[in-house]
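Below is one structure, written out as structure tokens, with a few remarks after it.
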Amino acid sequence: MGTEPTDLLQELELKEYEATALEHLLSAGRTTAPDIAKATGIPKARVYGVLESLANYGFIKVIPGRPKQYQPKSPETVLERAKENRRQAYEDYCTEIDSIESTFLETFGPLYEQANEDVTPTSELFHVVDVGDPSETETRQLYQNAAETVYVITNSFAYFEDIETAISTASEQGLEVSVLFLDPRRLPSEKAAVQADIVERIASEYPAIRYRFSEEVLPWRGTFIDPSMEYDSGKAIFLVEETDVPNHQRQAAITENGSFVAGMKRYFDLIWRYESLESRPYV
Numbered sequence: 123m124g125t126e127p128t129d130l131l132q133e134l135e136l137k138e139y140e141a142t143a144l145e146h147l148l149s150a151g152r153t154t155a156p157d158i159a160k161a162t163g164i165p166k167a168r169v170y171g172v173l174e175s176l177a178n179y180g181f182i183k184v185i186p187g188r189p190k191q192y193q194p195k196s197p198e199t200v201l202e203r204a205k206e207n208r209r210q211a212y213e214d215y216c217t218e219i220d221s222i223e224s225t226f227l228e229t230f231g232p233l234y235e236q237a238n239e240d241v242t243p244t245s246e247l248f249h250v251v252d253v254g255d256p257s258e259t260e261t262r263q264l265y266q267n268a269a270e271t272v273y274v275i276t277n278s279f280a281y282f283e284d285i286e287t288a289i290s291t292a293s294e295q296g297l298e299v300s301v302l303f304l305d306p307r308r309l310p311s312e313k314a315a316v317q318a319d320i321v322e323r324i325a326s327e328y329p330a331i332r333y334r335f336s337e338e339v340l341p342w343r344g345t346f347i348d349p350s351m352e353y354d355s356g357k358a359i360f361l362v363e364e365t366d367v368p369n370h371q372r373q374a375a376i377t378e379n380g381s382f383v384a385g386m387k388r389y390f391d392l393i394w395r396y397e398s399l400e401s402r403p404y405v
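Residues 123 to 405 in the numbering used here are what the sequence shown spells out, letter by letter.
Structure, rendered in structure tokens:
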């Protein structure tokens, strides 16, 4: 079953009448508001407001006259304007947040510190988030917060595209990124194929990223940053291997405990040096 045109347009966060009007314009071309109302069933009292919104989004042109006419812009232009509108909305939102930053911190900072004065990274070893969008958001945040190093332990790095922007930024900033993959011979064929594609992309587009292939099954997967053997820095997100539990039912643990992150680095180094291969084994 194909996707309905109005469903596609509503992916642009258009309301139902907006999507209906734009779909009609894209198929009918330049026309008037009364004709749109008659063809689509949009109430006459609503159609002018709907068309004004579409014009404000930059999706259609308004042609002066008696009566006014409305002409759709090309589908390519509609998509570009949709992205630009989202970027502008985000920038406006950031500006609003920046304007209240000092007041917000002055108001809530002391309250937070007082309420959490007895909670230390040691006493609160972990907190958890669901695997999927929440864990990927936390992973991107790690890349953004890293000062020097990022370490990844993964089977196939299937979520690479979802965090690629953060990886690209980290590479541009000169952070040292190291990835420990699982030997593809220990992966199902479809996951091994995914891994092959990701490794090829890293090799061609991010040559500064180091990677090797663990010969043994990895007991956990995740990302950690800036470990210190003085146990005074580092943060990580990880999940243990549970083959019988689907990802959508799992949770990832997050820790800022410097001692724990240092232990993760020791484990990473041992596998990297003694139980991994430099090049991808033939599958």
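A virtual CB, placed ideally from N, CA and C, is assigned to each residue, including glycine.
The DSSP-derived three-state label of Ile164 is coil.
With distances taken between CA atoms, Tyr139 lies nearest to Ser175 out of Arg152, Ser175, Glu126. Excluding sequence positions up to five before and after Leu173, its CB lies within less than 8 Å of the CB of Ala143, Ala155, Ile158, Ile182, Val184, Tyr192, all in the same chain and listed in chain order.
Under the three-state reduction of DSSP output, Phe390 falls in the helix class. Fully enclosed alpha helix (DSSP H) runs of no fewer than 4 residues occupy 282 to 294, 311 to 327 of the stretch 272 to 340, in order along the chain. Under the DSSP assignment, Phe226 falls outside any beta strand (DSSP E), being part of the alpha helix (DSSP H) whose first and last residues are 197 to 237. Our two residues, Ile324 and Ile289, have alpha carbons roughly 10 Å apart in a direct line.
In the structure shown, Val362 falls within a strand segment according to DSSP collapsed to helix, strand and coil. Counting only the Cα atoms, Ser401 lies some 13 Å from Arg395.
For Arg262, there is no enclosing beta strand (DSSP E); the enclosing alpha helix (DSSP H) covers residues 255 to 267. In this structure Ile359 touches Glu260 by the C-beta definition: roughly 5 Å separates them, less than 8 Å.
Straight across, the Cα-Cα distance linking Ala211 with Arg307 is about 46 Å.
Of the other Cβ atoms in all chains shown, 16 or more fall within 10 Å of the Cβ of Thr276; this residue is therefore buried. For Tyr192, the enclosing beta strand (DSSP E) covers residues 191 to 194.
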